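Just so you know, the working numbering puts 174 at position 165 of the sequence shown, and the rest follows in order with no gaps. All C-beta atoms, glycine included, are put in the ideal place defined by N, C-alpha and C. Bear in mind that the values here come from a model prediction, so they are computed numbers and not experimental data. The next block holds one structure in the form of structure tokens; read it before the comments.
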Amino acid sequence: MKKFNFRKVLDGLTASSPGSASGTSTCPGGTTGVPAVGAAPKEIEVQETLASENFQISKMVRHGFPYQPTALAFDPVQKIVAIGTRTGGVRILGRPGVDCYCQHDSEAAVLHLQFPINEGALVTACADDTLHLWNLRQKRPAILHSLKFNRERITFCHIPFQSKWLYVGTERGNTHVVNIESFILSGYIIMWNKAIELATKTHPGPVVHLSDSPRDEGKMLIGFESGTVVLWDLRAKKPDFRFYYDEAIHSVSWHHEGKQFMCSHSDGSLTMWNLKNTAKPFQITFPHAKSQRDGKKPDPCKPILKVEYKTSRSRCPFIFSEGWAYDKAGRRPSLTIMHGKSITVLEMDHPIVEFLTLCETPYPNEFQEPYAVVVLLEKDFIVVDLTQSHFPIFENPYPMDIHDSPVTCTAYFADCPPELIPALYSVGAKHKKQGYSNKEWPVSGGTWTLGTQTYPEIIITGHADGSLKFWDGSAITLEMLYKLKTSKVFEKQKVGEGKQVAEIVEEDPYAIQMISWCPESRILCVTGISAHVILYRFSKHEATTEIVSLEVRLQNDVEDIITPEVTENISPYTEPSQPITGSPSNVSPEEIKDSIPCLKVKSRPVKMPQGYQAELVIQLVWVDGEPPQQIASLALNSAYGLVAFGNSNGLAVVDFIQKTVLLSMGTIDLYGSSDPYPRQLRSPRRSKQPTAGLSELSDSPISLELERCKSPTSDNVNGHCTSPTSQPCSTGKRVSATEGAKLNRWGPSRPPFRKAQSAACMEISLPASHTEESRDNSFSRSRSSSVSSIDKESKETITALYFMDSYGRKNDGTLSPCLWVGTSLGVVLVISLNLPSGEEQRQSEPVMVAPTGTVLMLKGALLTFSSVDCAGVLIHPPYEVWRDPNSMDDNEKPRKRKLVTFSPSSSQDMGDYHFAVICSEKQAKVYSLPSQNCLYAHSITESSFVLRADVVTVCNSVCLACFCANGHIMTLSLPSLRPMLDVNYLPLTDMRIARTFCFTNGGQALFLSSPTEIQRITFSQEMCENLQDMLGSQGPLFAPVETPEAQNRGFLKGLFGGSGQTFDREELFGEAAAGKASRSLAQHIPGPGSMEGMKAAAGGVVGDLARARIALDERGQRLGELEERTAAMMGSAESFSKHAHELMLKCKDKKWYQL
């Protein structure tokens, strides 16, 4: 525990240099370390309890649908499902709450998955031709063995029931056998040239199917892609039968009696084969082809990718996917169920990746009795109930619908009020879909109980369609609570309407950009892509009310000055060309749009269900033919009854109690006479582009993954538009003809430059004393040296807002409500809020809003504010306690608002001091209030910039957590800003990570690891230690379950070969009989979970200590043995001496001749 002496800090303020990397510094715009009169204590000691040992980064759990799935497997005894992905991930699912994520280090696509049934293991085959054996008998599955094929590519895998031998088919047509226990290749190989006839001149193609016969396990069916099927006798090492067909084979499935099998082909046909007649199939069907007369061949259909032939005592269904005729355009992917002459087609919303039939018995030689079909789609996971005639689907208990609409922003709230989750669940349960199967979810493996380390956590996701989803994130699970659609407050756009929206966005006009939520008051505020703000209140009762709509006009009244270096390069003989799309330069004054919003709010009374009900909609309007700029910052305070938002044009403050606009002012006007910069404004390069906020950073060094083109926030970082085509800094002025000609040289749709830049770029003339720091204030994310003066535009964006009780002016004596404003130039402004004192006065008297003149400065665009008292405790902003606005009690008498405020800790020595914590893209500073002395300043990064910063609680203390664009996650202690953690943990490979990353209390964070998955991490050492206990509530994936006994098939069936014949595979495939496989064929690699892997991992410090301990024990043992030998020699010497003495006494008196 380290103590910091503020007196020494204050004494050294004048000697410190501005903008130092760490320690103390004076700050531009602030004051020197002069104590306030009669208020500053002589000595203040703040005890900081956090140390670097309190921080450690670890992944916790991953939620959502596996992104880009490729493979599927099911264990019918353990009842767990495994899903492989294209990026090498494996998700293992069981009963609700059982969800485990594993990742291959190679990140190669998982092509095949196989469960050794009821063995607590999983075999994966990846695209790098490596087999892996996972151990599922521990809390966190680990790889036991790996087998890398060097000369052949893996195309198919199969594990017979109750067998320890894995059959592996390859692209060359060969079949290998692998021992699962040791993961060593057997010397038994089925070569392709031995499987086919010698007269065959062509290669049969890759192996697409392997399975043992239900009738005789010593017979294996091998399917080749060319259409050849071979029944191989494993004992005799020769083929029994060969089956030839003209069309390529995609899959094969046995009848449970082992006398016939079915194949699916590339021409959309199904063929049935009998072992007694191998010349031709006894049945050929085209399920979806048009019936042809005169014996003509049916029209070709799409390939049937997979067929499963499952039997039942009452019916005989077989299931397959695809197979539609080519002439049927617009057909959706389908799953077809045939039993007898009945055909049922189940159309899917997404392409089918894989499907499996769930059966009552794991034995392949019994009636399967299928009861469900698991269907893995590209973007969904469903289970169909086969026991009911209309084939309903089961209600999916997993959070697989996060990506129903692309996620555009997230919010994470830990340690919420405990009554909030039941309240959200109760209103959300009434909106659930109906028509699901009434059976229990069939995937019921694993164990899960509510852990001890739990507290209420809520995650909110905003989506491109304007919806919000509330999730219960407690106990490291994720469960849907409530869904809110913000688009319902607006009128539906008719065909031909919405042109003003198209000027800003090309799609998704309701997309959510930012979320501000007060859990205590349950007031929700969101901003949308169409420059609108919606405020909601939570109610348990339905209501029919009108939605109040306010329109705000934000514009910059500063005239642009076109400098000579811009105009002198424009040729007077420029050829005429088409004007820029959406530019008002060729529009008549009568047609210029002005003072109209982008969306139309419903004007009639709206019936709102219980839950969140819209109370107020605020929209920015068009100004002089220019669309409103997207909102870049948002803040809400329920106690004040105010909401504030800002963009590149200015700041607006709205009173949502009285439904009035209190402030609508340009950014430069907020300074008044306190503007630190004499501004020399430049003309903009262009007026606007029609796709604001929707263009990809295609030329950015950040590589974009498979995201939707022109997603509303695909290039939005923490609320700041980083794409130049998104026009965060357009001037709102008309473009002259000359300038329009200059712009048109770049074409109507191509921007004149492509670079990721900061939210605002401005050329600033500065005094010589501030030149160095001001260069950082005009920080550009690209740092491109080719940016000329014409690239810089005259806008300063409001990037951060924060309501709190503070000292608005220097050396104020009392706390008062304030709004802290941060800009993209690193300037901090404080606005004073004068609220009416009484409850009745607050409903009628106006709120006075006025800038205080306080100006503080940092490097880079502002990101976040917070407040810490002199004891180092986080000061929570005041809030209003929730009350139902539509309560049935005391309708005539409105209930009074109950406000909760938090005052800074104070004492006679300390006074009412507190600290303002401010963080920007480049640095963090801590100011003492009301003296406004900069006590600490820390340069977070020089080569990169901070994307997200939050002040959070960790281990009963507070710290500043930062996530940088270079992938570093950092934590700084408060108030001293000492670095506690700096780990290069998460490379920014996609802008999706930047816009969804957020911190929360308890040392946790989350982000969208893929377009469909949420990854939760922790940076707290305490939570890392408790993570095993939290995961222990889930338990291991493997649960001891007895394998069901095989059915008694009777004497006659056993006598006539109806039952399967068993044989000893060990005797056939073992090293004694088959010999060893070639070492060059495959390489065995011990996994980290095996004993060999543990020995290899012991090469570190722990291994050295263990070896030293063993050496010490051996040395002690040798010393003990030496001591024992020495004692034995001493005993022998004493015995010899004794005997010698006795002999001497005996012979003493005797003569020599008497001896």
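Asked, Found
"With 16 other Cβ atoms within 10 Å as the buried cut-off, status of Cys1156", "exposed"
"Alpha-carbon to alpha-carbon, Val382 and Leu395", "7 Å"
"Beta-ladder partner(s) of Arg957, from DSSP", "Phe972"
"Sub-8 Å separation of Ile328 and Phe1028 beta-carbons", "no"
"Those residues which DSSP pairs with Gly93 across a bridge", "Ala80 and Val99"
"Cβ distance (whole Å) where Trp480 is taken to contact Pro408 below 8 Å", "7 Å"
"For Lys819 and Val535, the rounded distance between their alpha carbons", "33 Å"
"Test item: CB-CB of Val961 and Ala974 under 8 Å", "no"
"Status (buried if at least 16 other CB within 10 Å, exposed otherwise) for Glu802", "With a pLDDT of 43 at Glu802, under the threshold of 50, the modelled position of this residue cannot be trusted; read the value that follows with caution. That one is buried."
"Sequence-distant residues of the same chain with beta carbon closer than 7 Å to His264, five excluded per side", "Phe270, Tyr318 and Thr320"
"Option nearest Ile198 by Cα separation, candidates Thr179, Leu207, Leu142 and Phe192", "Thr179"
"DSSP-derived helix/strand/coil call for His1148", "helix"
"Secondary structure of Lys305, DSSP reduced to three states", "coil"
"Arg340 versus Ile361 - alpha carbon distance", "13 Å"
"Residue environment, Tyr110, which counts as buried when at least 16 other CB atoms sit within 10 Å", "buried"
"Inter-stretch contact at 8 Å, needing at least 3 Cβ pairs: the segment 444 to 458 / the segment 554 to 567", "no"
"Pair within 8 Å by beta-carbon distance, Leu871 and Ser952", "no"
"Bridge-paired residues (DSSP) for Trp450", "In the DSSP output, where bridge partners are listed per residue, Trp450 has none listed."
"Short Cβ contact (8 Å threshold) for Asn1010 with Ala423", "yes"
"Secondary structure of Glu128, DSSP reduced to three states", "coil"
"Buried versus exposed call for Ile524 [16 or more other C-beta atoms within 10 Å across all chains shown]", "buried"
"Rounded C-alpha distance that separates Ser982 from Thr554", "48 Å"
"Length of the line joining the Cα atoms of Glu62 and Arg1134", "50 Å"
"According to DSSP, residues forming a beta bridge with Glu190", "Beta-bridge pairing links Glu190 to no other residue."
"Nearest-angstrom Cα separation, counted from Thr133 out to Val955", "39 Å"
"Proximal residues to Gly437 (C-beta, below 6 Å), its chain only, five neighbours per side dropped", "Leu490 and Tyr491"
"Buried versus exposed call for Ile840 [16 or more other C-beta atoms within 10 Å across all chains shown]", "buried"
"C-alpha gap between Leu1154 and Glu1143, whole angstroms", "17 Å"
"Which listed residue (Ser825, Asn283, Ser940 and Val963) has its alpha carbon closest to that of Leu865", "Ser940"
"Range of the contiguous beta strand (DSSP E) that encloses Trp201", "Per DSSP, Trp201 belongs to no beta strand (DSSP E); it is in the alpha helix (DSSP H), Trp201 to Ala204."
"Buried versus exposed call for Ile605 [16 or more other C-beta atoms within 10 Å across all chains shown]", "exposed"
"Which of helix, strand or coil DSSP assigns to Asn658", "coil"
"4-residue-minimum alpha helix (DSSP H) runs that sit fully inside the segment 978 to 1012, ordered along the chain", "1000 to 1005"
"Classification of Gly1084 by the beta-carbon crowding that lies within 10 angstroms, buried from 16 upward", "exposed"
"Met857 classed as buried or exposed, judged by whether at least 16 other C-beta atoms fall within 10 angstroms", "exposed"
"Three-state class that DSSP yields for Leu867 in the structure shown", "coil"
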